[in-house]
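Beneath this line is the structure, given in structure tokens, with notes to follow.
Residue numbers (this note's numbering): 538 to 694.
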């Protein structure tokens, strides 16, 4: 008594791998990773995280990342006890500019759709970093202060 046993279950099926931590034999969560369009320019990395409460399904999140590791889509689900399945609550799609900065975020919550656009001001240095991120239509912003240091050359021995 008083000792908890944690077990990590690993399973693989086709191109999917699932990791599920169990506490005293009761599942706590599961994380399934898989690929879509593997080995192509359109390759996507899909992560499905399910959360459990007392061994029963509760919430789930599905992340889709592109071959650069950028988050492209996030879906949030809750478990409907009556239907015995997960139902989508919210879906968010992300778009990036050619420098890899977030440029657009589209969220669908029920029948409501909201769009946020991101505009950046850059510091003019090379390779260049953004110093102000403006979000419209919220008109909120983030400011970053970046300090650059000269690289020190090592003396030759």
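Cβ coordinates follow ideal geometry from the N, Cα and C atoms, glycine included.
None of the values given here were measured: they were computed from a predicted structure.
{"Item": "For residue 577, report the span of its beta strand (DSSP E) as first-last.", "Value": "Neither: residue 577 is in no beta strand (DSSP E) and is coded neither H nor E."}
{"Item": "Quick check on residue 627 - is its C-beta less than 9 Å from some C-beta in chain C?", "Value": "Considering every chain present, this structure includes no chain C. It has just one protein chain."}
{"Item": "Compute the beta-carbon to beta-carbon distance between residue 558 and residue 543, rounded to the nearest angstrom, for a pair I have assumed lies under 8 Å.", "Value": "6 Å"}
{"Item": "Among the residues of its own chain, which have a CB less than 7 Å from the CB of residue 560, if the five just before and after it don't count?", "Value": "541 and 543"}
{"Item": "Check this for me: beta carbons of residue 700 and residue 569, under 9 Å apart or not?", "Value": "Summary: the structure shown does not reach residue 700, with the chain confined to residues 538 through 694, and so no result is reported for it."}
{"Item": "Using CA atoms only, rank isn't needed, just tell me which of 571, 665, 567 and 645 is closest to residue 551.", "Value": "571"}
{"Item": "I need the straight-line Cα distance from residue 567 to residue 693, nearest angstrom please.", "Value": "53 Å"}
{"Item": "Using three-state DSSP, classify residue 550 as helix, strand or coil.", "Value": "strand"}
{"Item": "With distance defined between alpha-carbon atoms, name the residue in 666, 676 and 630 nearest to residue 638.", "Value": "666"}
{"Item": "Taking the continuous beta strand (DSSP E) assigned at residue 684, which residues delimit it?", "Value": "Counting along the chain, residue 684 falls outside any beta strand (DSSP E), and DSSP gives it neither H nor E."}
{"Item": "As an exercise, report each continuous alpha helix (DSSP H) stretch of at least 4 residues that is fully enclosed by the region 592 to 660, in chain order.", "Value": "none"}
{"Item": "In whole angstroms, what is the alpha-carbon distance linking residue 575 and residue 605?", "Value": "13 Å"}
{"Item": "With DSSP as the reference, label residue 565 as helix, strand or coil.", "Value": "coil"}
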